[in-house]
Structures are given as structure tokens and as C-alpha cells.
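Novice: Start counting the sequence shown at 793; every next residue gets the next number (the working numbering).
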Amino acid sequence: MNFIDILGYIAGILVVISLLPQTIKSWKTKSTKDLSLWRYIIYILGLILWIIYASIIKNAPVAIMNSLGLLLASSLLYLKVKYK
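1) Leaving out five residues on either side along the sequence, give the residues of the same chain with a beta carbon under 7 angstroms from the beta carbon of Ala855.
2) Mark Pro813 as exposed unless 16 or more other C-beta atoms lie within 10 angstroms of its C-beta, in which case mark it buried.
3) Give the straight-line distance between the Cα atoms of Ile833 and Leu799, rounded to the nearest whole angstrom.
4) Hey, could you find the ends of the alpha helix (DSSP H) Thr821 is sitting in?
5) For the alpha helix (DSSP H) containing Lys874, name the first residue and the last one.
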């Protein structure tokens, strides 16, 4: 693993961590009224494209970290639809 990969993982970890507080709060409170449905739809589509891009160029840090972000963002989208 080289410096650029490490930098990619650190950036990805920070992005994924940034989703945790909202995800945890939404699961606990079962409230998503302040979340934008369209923001999460667009964000998830962007993450899917990042994963495809990373797979094509064979960049593991981008693919892995965006996949984790996709899991959290998808769970928020699920909660948004479920508790609407």
C-alpha cells in the first residue's frame, strides 16, 4: 500500500464517519422528517458512479470507502421512505 492509497482510505473513512451521526440518530428516533429525500437519492447515485469508476480504474480505496458510504446512505434513504 502506498501513500496515495493511505490518503484515499483516510479521506474515505472521514466521509463514512460523517454519515454515522445522522444514521444512528435516525435509527434511534425513527424520525427523518428533516432529511432531504432528493439529497440522498442524488448522493447514492453519485456513490454508485464512484464505485463503477473506481472499479474501472482499479482503485481499491475509492471503491471500498464509497461502498461503505453507499451502505450508510442507503440505510438513511430506507429510513426516510419508511418513516415518511
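Glycine included, every Cβ here is placed at the ideal spot set by N, Cα and C. Since the model is a prediction, treat every value here as computed from it, not as a measurement.
Specialist: Reading it off the structure:
1) Ile843, Ala846, Ser847
2) exposed
3) 27 angstroms
4) 795 to 821
5) 852 to 874
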